[in-house]
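Using our numbering, read the sequence shown as starting at 332 and increasing by one per residue.
Just so it is clear, CB atoms sit at the ideal spot from N, CA and C, and this is done for glycine as well.
Read the structure below first, then the notes.
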Amino acid sequence: MSSLREKLKALEELQQVDLEMNEVRARIEGLPARRAEIDAARMEVRRAYDDEKSRLDGLERERRGIEQLLQLERDKVKKWEGRLGEIKTPREYAALSREIDIAKKANEGSSEQLKELGNQAAEIRGTLEAREEALGEREEAAQGQLQALEKDTAELQDRMAALEKRRAEASTVVDPSLLGKYENIRRRRAGVAIAPVVGMSCNGCHRNIPPQLAIILQRANSIEICPNCNRIIYSADAVNPPSPSPA
Ligand SMILES: [Zn+2]
332 MSSLREKLKA LEELQQVDLE MNEVRARIEG LPARRAEIDA ARMEVRRAYD DEKSRLDGLE
392 RERRGIEQLL QLERDKVKKW EGRLGEIKTP REYAALSREI DIAKKANEGS SEQLKELGNQ
452 AAEIRGTLEA REEALGEREE AAQGQLQALE KDTAELQDRM AALEKRRAEA STVVDPSLLG
512 KYENIRRRRA GVAIAPVVGM SCNGCHRNIP PQLAIILQRA NSIEICPNCN RIIYSADAVN
572 PPSPSPA
């Protein structure tokens with residue numbers, strides 16, 4: 332049968348383990364958000380690249396369309412010019428010549444348009460190159476971040492496993508009725524069920540306990556509850572006497 336001091340110490344150890352577990356659990360729960368953040372940053376850069384790429388693709392499509400049309404129009408002009416020699420009347424000759432001039436002018440316009448589209452495409456290619464580089468850098472950074480995340484995940488899981496082991500050990504020392512009380516208070520008191528009293532002040536609520544209770548705590552032979560915050564309290568000095576300093 333362990334003494335009350337030992338039980339209180341075990342309970343304090345349990346409290347310590349539970350607080351650490353809460354912290355580790357919160358960090359484990361935060362891991363998916365960290366991963367999502369990394370992915371979102373990647374997606375943003377990827378989208379910027381894709382947007383520019385589809386702008387370029389659209390431009391190239393437009394250019395090819397105009398090019399094909401221009402080729403047809405030029406063939407037509409050639410055919411018409413060939414036909415000029417076979418024309419007998421001056422009126423017909425003049426009419427076809429005029430058609431040829433109009434078509435040539437239109438073709439010149441198309442050529443200009445192609446040149447303009449070519450300039451735009453060159454500009455977009457420059458932007459695209461810069462974005463491709465940014466994408467590569469972001470991917471590389473993301474790989475590093477993901478590796479760090481994996482490492483953190485493994486470390487947190489190891490810590491949690493070690494804490495679970497420590498908790499199981501501490502639980503065996505605390506007697507079951509005290510453990511039940513501890514769990515009850517912990518649920519209602521933001522995870523902290525046991526608090527040392529230092530001097531007259533409860534560490535759980537930072538308020539002073541009545542002097543009479545402080546005297547009772549010094550004996551360390553009964554389980555006491557803080558009248559302010561309802562946590563299990565003990566005298567820090569009585570349960571964990573300061574170790575004698577080496578001479
Ligand atoms: Zn208190």
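Secondary structure of Asn-539 (DSSP, three-state): strand. The stretch 427 to 447 makes contact with the stretch 396 to 410; the number of CB pairs closer than 8 Å reaches 3 or more. With 16 or more neighbouring CB atoms inside 10 Å of its own CB, Ile-369 falls in the buried class. Glu-404 carries a helical assignment under DSSP once its states are collapsed to helix, strand and coil.
Where Pro-527 is concerned, the enclosing beta strand (DSSP E) starts and stops at 525 to 529.
Placement of the Cβ of Asn-539 at a distance of 6 Å or more from every heavy atom of ligand 1 is found.
The DSSP-derived three-state label of Glu-417 is coil. Our two residues, Ile-418 and Gln-399, have alpha carbons roughly 29 Å apart in a direct line. The DSSP-derived three-state label of Ile-563 is strand.
At least one heavy atom of ligand 1 sits closer than 6 Å to the Cβ of Asn-559.
Take the alpha-carbon of Arg-395 and the one of Gln-451: they are about 14 Å apart. Here Ser-553 carries a coil assignment [DSSP, helix/strand/coil]. For Asn-515, the uninterrupted alpha helix (DSSP H) segment begins and ends at 507 to 519.
DSSP, read as helix, strand or coil, puts Ser-532 in strand.
Residues of the same chain with a CB within less than 8 Å of the CB of Leu-480, apart from the 5 flanking positions on each side, are Leu-362, Arg-365, Arg-366, Ile-369 in chain order.
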